[in-house]
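Top to bottom, those sequences are chains A and B. According to my numbering, the first sequence is numbered sequentially starting from 2. According to my numbering, the second sequence is numbered sequentially starting from 26.
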Amino acid sequence: MSIILSTRNVTKRFGGLVAVNSFEIDVKENSISSVIGPNGAGKTTFFNCITGFYTPTEGEIILDGKEHIEGLRPDQVTLKGISRTYQNIRLFSKMTAIENILVGEHRHLKTHWIEAIFKTKNFLKEEEEALEEAIRLLNFVGLNGLGDQVAHNLPYGAQRRLEIARALASKPKLLLLDEPTAGMNPNESIELMHFIRRLRDEVGITILLIEHDMKVVMGISEEIWVMDFGEKIAEGTPLDIQRNPRVIEAYLGSGAASGLDLGKGE
Amino acid sequence: MNKSMTTKDIIKKGLLAGLTVLSLNLIGFIALLGERELIKGWFTLGHVFLLATPVAIAYLTTNKMEAEGKVKPLGIGFVIGAIAALPSVLLVYIETTTDLRQFLANVSPALTELLTFGQGVTVGSVLLILLFGLMSAFAAFISILDEKISKPLVTAFAWTLGLATFSEILLIRVRDLFGRGVAKAIFSGKSLNPISAILLFALVMGITIWWSKNGASYKEKIANVTPAKKKQMTQGKSILTMLVILFLPLILGSYLTEVTNNVGLYILMGLGLNIVVGFAGLLDLGYVAFFAIGAYVMGVLTSQGALGLDIGFTFWTALPIAVITSTLFGIMLGIPVLGMRGDYLAIVTLGFGEIIRVIAVSDVFKETLGGAQGILQIPKPDFFGIELVQPGQLYYVVLGAVLLAVFIATRLRDSRLGRQWMALREDEDVAEAMGMNLVSTKLMAFATGAAFSGLAGAIFASKLTSIFPHSFNLIISINVLSLIIVGGVGSIPGVFAGALILVGLPELLREFAEYRMLIYGVLLIVMMLFKPEGFLPDKSRKRELNPDDDLGLAEN
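Spelled out as structure tokens, the structure:
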């Protein structure tokens, strides 16, 4: 299996604070893998470095083994085929669900605004196809019939799903999910994990998750990197991670008895 | 409204109404409106505004109190009204004993005359308190009535008062269209005569009652017609609308057409700023700059005075140049403010608007722009050799521009670019992460907005035949922004509603124009409380369940 994304020595400093320190991961194509760590470990900062929201202070981010994407703007990163969701849901809240997805399709829409003014055949065809695709995605994430609802009127779980649909609309190679289960109850979390697996199997994209709830990721991740204070403290399969004393220490504090259920987290 | 209405609450509400009335008196608003008689010998617009506050407060207080019987709400209404009259009564006493005019210029014997109905201080005061009390009790009565009766009553009052308010203008139209005799029968002097007022009241009430009884069945009939027939009906409706729009100057007469033209120019600017502020969420307070640029380009290119270039430009050849110049300035302003958001953007654009005005005024460019004297002798637009001088002729120039702007704005809104703008408005960072280029998205918004405004400016210059820097004050930007907010931010029909309310109304009632800022303020506060989304908010488009591609055009 080839590597789709690798980071080398990625470091982000804010003044004196080192938020991410020489973080290195290799994400395998068509895998589900996770970056985990306690709150404030620097996971989202790391995501922001990958997606162009931040420029890493040092280090390289390489897509498909050849393309350097560090220092690109967010829109350029998206055009390269990476898309993401946000820890605190950031939908276009006054637009309808369908419109949110349509905005997500931006990368693949080509008609010029002049064609829109004259409603050329080309424009109408593209709009129709875009709408069809949006409805398909809406149904795929299980929001059938909610497409005309304004996004902020949707229930919380539906908003999370809509955000994923919007991210999928750009047809990314790599999807970054930032704490997709935040604010969900255990049942909803499990349901979402099943959905994420289905996503990988059916759509065939690579998924990189951020989570601090370990129970969630253990079930579906093939590879896990553990982050604490910006540094990588462990990597490996879920089983390796569960047994790693440094991980237990990071989550529960030093001297914590081994064998505790890590899933309960903080 | 609530059951625990204590005496204290009632007194508070009465005093609130009373203080509002008092301040309306003190600023001279009531006295000024008192000069406009609505129904001959009965009352003036001053009386209407005098009573409006206590009546509204009484209505809102007693609304839905029918559970508490008939007497209690009426009592509450009366007390609120009577208390509301007290500050004004006090004012009358003070005015008759001391001359307050050196401190409060508007507290005049004329005001006292109006407040006491010319009956002297004592009798007048009693009358005032009684009138306030009774009218507020009446409002309370309406508020507890069944909707079947209250609705026709309120509608009839609204129509009668509304038409009476505009009687001066209506009078002229009726005289021109139907002859002097008909006008004399309906109006006396400049106001409605009592008999026609009563007839009008009865007519509106009759129609409303008839409609409330039979309206539902008609609606049902219309809903049940075959799709083919429905299509015919919508077609008929649009043809009728088109005819009305086309022949509007004939219906309105030259004065109202002139007002319509001014409203039209504001609509044009509103449509442009609506793209910038409403769609893209970029708060631009210097929008008048592009209006000025359009006007000055038109002026410099076509003026036959000393300042004109005199190189053979006509209105039609100068128009595209004016629009393109404004558009380029729109982009030029856009580039430095690309990285700015919210308040910072507002301040910088505000500065840009002022810079343009100051440049126009300054002596440095006096040779080309005329300084404070402005540019004179700008020719009116011509149409195949006919000079368009009359408002009724200029109307079609404005109409063409507005239709073009509505068309472009609607099409852009429903395109990918429109969605980009809205995404930008909702969350700039996420919009960028969707793969869109923020630079081009923002510049497109600034450019389109500036183009519409430049178009309005160019027509404005040619319509007025002279331009002065002071016509391009900050206040224009604020007017345009206010009309967008009143109509509904991001809504194209809302721009029309906002322009009619904020520009059309003050032009029809000169009294309102003097208190324009007061009315804007009150209107904006009322809006924020009761209809924060604006009078005609944008409907979100249905796309999943009833995809209707023509909806965007049908609603305009």
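In this text, a Cβ means the ideal position worked out from N, Cα and C, and glycines have one as well.
Beta-carbon proximity of residue i to residue j, cut-off 7 Å
{"i": "residue 171 (chain A)", "j": "residue 79 (chain A)", "result": "yes"}
{"i": "residue 212 (chain B)", "j": "residue 196 (chain B)", "result": "yes"}
{"i": "residue 168 (chain B)", "j": "residue 84 (chain B)", "result": "yes"}
{"i": "residue 519 (chain B)", "j": "residue 561 (chain B)", "result": "yes"}
{"i": "residue 88 (chain A)", "j": "residue 183 (chain A)", "result": "yes"}
{"i": "residue 474 (chain B)", "j": "residue 300 (chain B)", "result": "yes"}
{"i": "residue 176 (chain A)", "j": "residue 211 (chain A)", "result": "no"}
{"i": "residue 328 (chain B)", "j": "residue 479 (chain B)", "result": "no"}
{"i": "residue 569 (chain B)", "j": "residue 17 (chain A)", "result": "no"}
{"i": "residue 311 (chain B)", "j": "residue 377 (chain B)", "result": "yes"}
{"i": "residue 43 (chain B)", "j": "residue 98 (chain B)", "result": "no"}
{"i": "residue 21 (chain A)", "j": "residue 5 (chain A)", "result": "no"}
{"i": "residue 208 (chain B)", "j": "residue 200 (chain B)", "result": "yes"}
{"i": "residue 136 (chain B)", "j": "residue 56 (chain B)", "result": "yes"}
{"i": "residue 544 (chain B)", "j": "residue 537 (chain B)", "result": "yes"}
{"i": "residue 173 (chain A)", "j": "residue 38 (chain A)", "result": "no"}
{"i": "residue 47 (chain A)", "j": "residue 15 (chain A)", "result": "no"}
{"i": "residue 308 (chain B)", "j": "residue 265 (chain B)", "result": "no"}
{"i": "residue 125 (chain B)", "j": "residue 132 (chain B)", "result": "yes"}
{"i": "residue 306 (chain B)", "j": "residue 76 (chain A)", "result": "no"}
{"i": "residue 157 (chain B)", "j": "residue 107 (chain B)", "result": "yes"}
{"i": "residue 101 (chain A)", "j": "residue 112 (chain A)", "result": "no"}
{"i": "residue 346 (chain B)", "j": "residue 492 (chain B)", "result": "no"}
{"i": "residue 33 (chain B)", "j": "residue 86 (chain B)", "result": "no"}
{"i": "residue 427 (chain B)", "j": "residue 484 (chain B)", "result": "no"}
{"i": "residue 189 (chain A)", "j": "residue 158 (chain A)", "result": "yes"}
Contact belief for residue i with residue j at Cβ below 8 Å, rounded distance in angstroms
{"i": "residue 515 (chain B)", "j": "residue 359 (chain B)", "result": "Not confirmed; about 19 Å, so no contact."}
{"i": "residue 222 (chain B)", "j": "residue 180 (chain B)", "result": "Residue 222 (chain B) to residue 180 (chain B), Cβ: 15 Å. No contact."}
{"i": "residue 402 (chain B)", "j": "residue 490 (chain B)", "result": "7 Å"}
{"i": "residue 65 (chain B)", "j": "residue 214 (chain B)", "result": "6 Å"}
{"i": "residue 12 (chain A)", "j": "residue 59 (chain A)", "result": "4 Å"}
{"i": "residue 481 (chain B)", "j": "residue 316 (chain B)", "result": "6 Å"}
{"i": "residue 93 (chain A)", "j": "residue 454 (chain B)", "result": "That belief does not hold up - the Cβ atoms of residue 93 (chain A) and residue 454 (chain B) are roughly 12 Å apart, past 8 Å."}
{"i": "residue 314 (chain B)", "j": "residue 381 (chain B)", "result": "4 Å"}
{"i": "residue 190 (chain B)", "j": "residue 63 (chain B)", "result": "6 Å"}
{"i": "residue 416 (chain B)", "j": "residue 279 (chain B)", "result": "5 Å"}
According to DSSP, residues forming a beta bridge with residue i
{"i": "residue 202 (chain B)", "result": "BP columns for residue 202 (chain B) are empty, so no partner."}
{"i": "residue 490 (chain B)", "result": "DSSP, once it has assigned bridges, lists no residue as partnering residue 490 (chain B)."}
{"i": "residue 455 (chain B)", "result": "In the DSSP output, where bridge partners are listed per residue, residue 455 (chain B) has none listed."}
{"i": "residue 233 (chain A)", "result": "A:228"}
{"i": "residue 354 (chain B)", "result": "In DSSP, residue 354 (chain B) forms no bridge with anything."}
{"i": "residue 408 (chain B)", "result": "B:411"}
{"i": "residue 69 (chain A)", "result": "A:63"}
{"i": "residue 58 (chain A)", "result": "According to DSSP, residue 58 (chain A) bridges with nothing at all."}
{"i": "residue 600 (chain B)", "result": "Since the first residue shown for chain B is 26 and the last is 581, residue 600 (chain B) is missing from the structure and cannot be characterised."}
{"i": "residue 68 (chain B)", "result": "B:64"}
{"i": "residue 429 (chain B)", "result": "Answer by DSSP bridge pairing: none, since residue 429 (chain B) is not bridged."}
{"i": "residue 212 (chain A)", "result": "A:37"}
{"i": "residue 150 (chain B)", "result": "DSSP output for residue 150 (chain B) lists no bridge partner at all."}
Residue i Cβ short of 6 Å to the ligand GTP heavy atom set
{"i": "residue 556 (chain B)", "result": "Among the components of this structure there are no ligands whatsoever, and the ligand GTP is therefore not found."}
The region 460-469 of chain B / the region 264-271 of chain B touching (three or more Cβ pairs under 8 Å): no
Inter-stretch contact at 8 Å, needing at least 3 Cβ pairs: the region 497-508 of chain B / the region 439-452 of chain B: no
Residue ranges of each alpha helix (DSSP H) within the region 288-346 of chain B, 4 or longer: 313-327
4-residue-minimum alpha helix (DSSP H) runs that sit fully inside the region 121-164 of chain A, ordered along the chain: 122-141
Segment contact flag, the region 129-142 of chain A with the region 163-182 of chain A, C-beta cutoff 8 Å, min 3 pairs: yes
The region 320-339 of chain B / the region 522-539 of chain B touching (three or more Cβ pairs under 8 Å): The region 320-339 of chain B is not in contact with the region 522-539 of chain B.
Contact the region 102-116 of chain B vs the region 33-53 of chain B: 3+ CB pairs below 8 Å: The region 102-116 of chain B, when compared against the region 33-53 of chain B, does touch it at the 8 Å Cβ threshold.
Cβ pair count under 8 Å reaching 3, the region 36-55 of chain A against the region 66-81 of chain A: yes
Alpha helix (DSSP H) runs contained entirely in the region 495-531 of chain B, provided each spans 4 or more residues: 499-512, 517-524
Cβ pair count under 8 Å reaching 3, the region 190-197 of chain A against the region 126-133 of chain A: no
Three CB pairs or more closer than 8 Å across the region 225-237 of chain A and the region 34-42 of chain A: Touching, yes.
Segment contact flag, the region 539-548 of chain B with the region 331-339 of chain B, C-beta cutoff 8 Å, min 3 pairs: no
Continuous alpha helix (DSSP H) assignments of at least 4 residues falling wholly in the region 36-66 of chain B: 54-58
Minimum length 3: unbroken beta strand (DSSP E) runs contained in the region 192-261 of chain B: none
Contained alpha helix (DSSP H) runs [length at least 4] in the region 94-144 of chain B, N- to C-terminal order: 96-122, 134-141
Sufficient close CB pairs (3 or more, under 8 Å) joining the region 247-266 of chain B to the region 392-399 of chain B: no
Start-end ranges of the alpha helix (DSSP H) lying completely within the region 368-399 of chain B, minimum 4 residues: DSSP runs (the alpha helix (DSSP H)) wholly in the region 368-399 of chain B: 391-394.
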